[in-house]
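Take a look at the structure set out below.
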Ligand code: GDP
Ligand code: MG
């Protein structure tokens, strides 16, 4: 030790501004969130901690064994220059893990307005706090098991014109043996952890109290302190009970104190407190200590290493130094913590407590949903990042692709009987052939996975065989023969409707499969975009389930429209005004004529093709029935083609596009501001209200931010 350690006798700190800042930080709860410099008094039970504290603070700490320290006591001294009286404010800070009820009960407690703390009133207050914390009491005969120790903190704030800036924490002492009915093994552990918790704080200065009448070198507390502070920069040793040392053993103690023994970098200070009997006799501690100082061999000790005054001065030096070192760190930590808290509160989204806040939140969600929908339908995918990560959200594209697949399926596999040799007809294998299955190829009517919540309205996928029947003419002929009446040279028109119905029977599974897929695409789009527009999953789910019935209604309408179109095309009379029907029919007939007369052509000598005029007159090679069947075939073929194209367009435009994608009342349009405006307050609360835990977290973060902001102002 080099400085003139307290010889000047200055009782005040060299930099009170700094310490005042620290106390203010504590006052705005910053201590809850970050570690602040503080002084803790640690040691074994009965080592003299409370006596040292009493010496330092001049407060009559109760030292009755029944009331040994069972909770941490924080004492904050503040110089209040503008006041001429000493004020003492007592309060209890609940443990960080205390539940709400307990915390508010403890916070509500206020000590009587104390002008001074005499032993009797202090003792009374301690008893009150024991009860408040619900701690056990040796005199208590009730059978309920109460804890012996508490993690709550008893706090005394003492301010006055003559106080120093100092804050000290007194913690329960370490003990090794259990006392039946009072302390258990678990208590030993709990107290150890509590003490370690305070000692670990890199910004706390440890005052390790060791009685001088024991083997100092083997004291556990010294080892604990050394573990946590190997450099010894924040450990100050205090030796007590020098009056109880065996005669002759004094030199050893003096040696330790003088040489900063046991690697105590900040050194030792020896204090002489009062023993139990002296206390009863009403002795004055300072006078006793002063008298002791002059006794041999203690009079040889450096005065800066003896007595409570020296301890106080040394402490203040250390605290100031420590605070100075720690201050930039504290400031950085407050800033860091503040940033983290702000981020956390931002992640919770805007507050949603009042109906206005809830409606405004929903309106924001809806507006971003609508924007994404417009971009998706306008295939304006560059405008929003969501389209990069999720191809399913490119709604215009996925729907158009599905339209094309539907049109192709219907063109290739939609008819029952093949119309011409160009149809991709697969060879038919006998059923004994083992490879049969392999060659049978199928086209599924559904291309998308279903959605379980829409199971009721979606049509199950079915496989359509890629084999077409080739006995077309036979089928037509039989149908004609089985349904003809008295017509001559013609056939009953209702026959055409019947065979059209048979020919188009696969339209139904293909069209219903198609519309089911578009429903899935749209629903998928809605759920995903909603999720991306709304950061609170719960609100997203609530909104969806609130609108689910209406969505399903809309999906059903699209399905019903497909059924309506199927009915029109496949049931009832055939009709078309499309001239392609006549063109096709004419072409069919001409093809037939051409192929018939082709057989009669002869090659002339000049190499040209020629035909005899008698052969131009079409020679009917077949029966009337066959002729009629062929005629029906040509009409069916021509009509089918026109009807198929009409059907595909109608399904895509009238069912999918109108009802699901771009029409005036699509499912996406349900998510509109007017929907939000129609919600009652109850509905708003139900859909967008904040979950209790979120609400509590928000309040907590708000307070934290408030505290930290106040703290930062103090630090600047
Ligand atoms: P704590 O449990 O660590 O708080 O220890 P206390 O301060 O309650 O002291 C325990 C007992 O040791 C009390 O009876 C004190 O009077 C006594 N004691 C403390 N310091 C001294 C001292 O320097 N000399 C003597 N003779 N007794 C002391
Ligand atoms: Mg004590």
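In the numbering used here, the protein residues as written are 1 to 716.
C-beta: ideal position from N, C-alpha, C; glycine also.
In angstroms, rounded to a whole number, what distance separates the CA positions of residue 449 and residue 511? 16 Å
DSSP has residue 154 in a bridge; who is on the other side? 73, 92
Leaving aside the five residues before and after residue 540 along the sequence, list all residues of the same chain whose C-beta is less than 7 Å from its C-beta, in chain order. Within the same chain, and ignoring the five residues on either side of residue 540 in sequence, the residues whose Cβ sits closer than 7 Å to its Cβ are 530, 531, 534.
Name the two residues that bound the continuous alpha helix (DSSP H) containing residue 524. It spans 507 to 533 - the alpha helix (DSSP H) in which residue 524 sits, taken as one unbroken run.
Determine the direct distance from the alpha carbon of residue 519 to that of residue 446, and round the result to whole angstroms. 11 Å
Within 8 Å: the Cβ of residue 44 and any heavy atom of the ligand MG? no
Considering Cα atoms alone, identify which of 239, 133, 50 is closest to residue 101. 133
Give me the residue from 302, 90, 626 with the minimum Cα distance to residue 259. 302
Cβ-heavy atom distance between residue 49 and the ligand MG below 8 Å? yes
Counting along the chain, where does the alpha helix (DSSP H) carrying residue 170 start and finish? Note, residue 170: premise wrong, no alpha helix (DSSP H); beta strand (DSSP E) at 166 to 170.
Which listed residue (495, 352, 381, 361) has its alpha carbon closest to that of residue 689: 352
Rounded to whole angstroms, what's the CA-CA distance from residue 632 to residue 496? Just pull it up for me. 7 Å
Any heavy atom of the ligand GDP closer than 8 Å to the Cβ of residue 328? Not under cutoff, so the answer is no.
Identified DSSP bridge partners for residue 38: According to DSSP, which records beta bridges pairwise, residue 38 is partnered with 204.
If you drop the 5 nearest sequence neighbours on each side, which residues of the same chain put their C-beta closer than 8 Å to that of residue 297? Shown here for residue 297: same chain residues with a beta carbon closer than 8 Å to its own, the five before and five after excluded, namely 250, 251, 254 in chain order.
What are the residues that DSSP puts in a beta bridge with residue 44? 174
Rounded to whole angstroms, what's the CA-CA distance from residue 559 to residue 573? Just pull it up for me. 23 Å
Any non-hydrogen atom of the ligand GDP closer than 8 Å to residue 275 Cβ: yes
Out of 456, 289, 321, 210, state which residue places its alpha-carbon closest to the alpha-carbon of residue 256. 210
Proximity of residue 712 and residue 338 at Cβ, strictly below 9 Å: yes
Cβ-based neighbour list, residue 592, same chain, cut-off 6 Å, excluding 5 preceding and 5 following: none
Proximal residues to residue 432 (C-beta, below 7 Å), its chain only, five neighbours per side dropped: With a pLDDT of only 47 at residue 432, under 50, the local geometry of the prediction cannot be trusted, and the value read off the model is given with reservation. Excluding residues within five positions, none has a Cβ falling inside 7 Å.
Quick test of your reading: residue 358 and residue 685, contact by CB under 8 Å. State the CB separation rounded to the nearest angstrom. 7 Å
I believe residue 75 touches residue 57 by the beta-carbon criterion, under 8 Å. Please report the beta-carbon distance rounded to the nearest angstrom. 6 Å
Once the 5 residues before and after residue 718 are set aside, which same chain residues still bring their CB inside 6 Å of it? This structure cannot settle anything about residue 718, because the visible part of the chain is limited to 1 through 716.
Could you name the residues of the same chain whose beta carbon sits closer than 6 Å to that of residue 73, not counting the 5 residues immediately before and after it, in chain order? 154, 170
Identify the residues that DSSP records as bridge partners of residue 475: which are they? In the DSSP output, where bridge partners are listed per residue, residue 475 has none listed.
With respect to 8 Å, is the separation between the Cβ of residue 61 and the closest non-hydrogen atom of the ligand MG below this value? yes
In three-state DSSP terms, what is residue 488? coil
Does residue 159 come out as helix, strand or coil in the three-state DSSP assignment? strand
When the Cβ atoms of the region 211 to 227 are set against those of the region 236 to 246, are three or more pairs found closer than 8 Å? Counting Cβ pairs under 8 Å, three or more are found: they touch.
Would you say the beta carbon of residue 272 is closer than 8 Å to some non-hydrogen atom of the ligand GDP? True, at least one ligand heavy atom lies under 8 Å from that Cβ.
Look at the alpha carbon of residue 640 and the alpha carbon of residue 672, and state the distance between them as a whole number of angstroms. 43 Å
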